[in-house]
Amino acid sequence: MVYYQTEATVITIFWAMVLSLNHMSNSKIYLKLLIQYGANTLLYEKLGDICFSLRYVPTAGKLTVVILEAKNLKKMDVGGLSDPYVKIAIMQNGKRLKKKKTSIKKCTLNPYYNESFSFEVPFEQIQKICLVVTVVDYDRIGTSEPIGRCILGCMATGTELRHWSDMLASPRRPIAQWHTLKDPEETDEILKNMK
Ligand SMILES: [Ca+2]
């Protein structure tokens, strides 16, 4: 919601500047500002955030992912909202070992799931895998499109790495954290390079 309000503000400023250009003698400065606003709008295209918890039990070799909720997801359907579901995949050396998915939540940008998924991951394997969490917009006709993604594992960076490390440092305890979704095309590149 905050994002769309910001977007509306930027558009309002944009048009106010376009209209005022005719009356300005120093139009070059305004033109520069206008380009900056346009660039900022593109840079801040938000895909949304996802919250999930991770729990690892080393003795049982069990990884549990609870997909809790997502918020401010990108609007994918024309004249509508999105129909998001979450795909979870365990990957190793660029190969997908296991995959699971949540239910589809129709017509919402703020879905609530609270769905739990368990994977068998022996202790000697936990350092080698990565967990790929993708939010996808379901479409009845055509193919469902990914909205955004996050990749966790020992090779991850930033918030994703911290979440993974916190999970490993606190065995048997569920650790919940919010993550900002990343461009699926960018993350595809990262996954390709892991092979
Ligand atoms: Ca859809």
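Each residue of the sequence shown is one higher than the last, beginning at 1 in UniProt numbering.
All residues carry an ideal CB built from backbone N, CA and C; glycine is no exception.
What you are looking at is a predicted structure, and each value in this text was computed from that prediction instead of being measured.
| Cβ of Tyr56 within 7 Å of any heavy atom in ligand 1? | no
| On the premise that Leu68 lies in contact with Gly48, defined as a C-beta separation below 8 Å, what is that separation, rounded to the nearest angstrom? | Their Cβ separation, rounded to whole angstroms, is 14 Å, which puts Gly48 and Leu68 out of contact at 8 Å.
| said: In whole angstroms, give me the CA-to-CA distance for Lys99 and Trp178. | reply: 21 Å
| field | Three-way DSSP call (helix, strand, coil) for Val2 in this model | value | The predicted model places Val2 with a pLDDT of 42, which falls under 50 and marks its position as unreliable, so this point remains unresolved.
| task | In angstroms with no decimal places, state the Cα-to-Cα distance between Thr159 and Arg140. | result | 34 Å
| message | So within the UniProt domain "C2" (46-179), which uninterrupted alpha helix (DSSP H) runs reach at least 4 residues, ignoring any that extend past its ends? | response | 123-126, 158-169
| 8 Å Cβ cutoff met for Leu181 and Ile147 | Their beta carbons are under 8 Å apart, which means Leu181 touches Ile147 by this criterion.
| query | Any idea if Arg86 is buried or exposed, counting beta-carbon neighbours within 10 angstroms, 16 or more meaning buried? | reply | Residue 86 is actually Val in this sequence, not Arg. That one is buried.
| Euclidean distance between Cα positions of Cys154 and Leu161 | 6 Å
| request: Rounded to whole angstroms, what's the CA-CA distance from Met1 to Ala60? Just pull it up for me. | output: Caution applies to Met1, whose pLDDT of 38 falls short of 50 and renders its modelled position unreliable; the value that the coordinates give is listed next. Computed Cα separation, rounded: 42 Å.
| request: Within the same chain, show all residues whose beta-carbon is closer than 6 Å to that of Arg172, passing over the 5 residues directly before and after it, in chain order. | output: Val57
| CB of Asn114 within 8 Å of CB of Ala70, strictly | no
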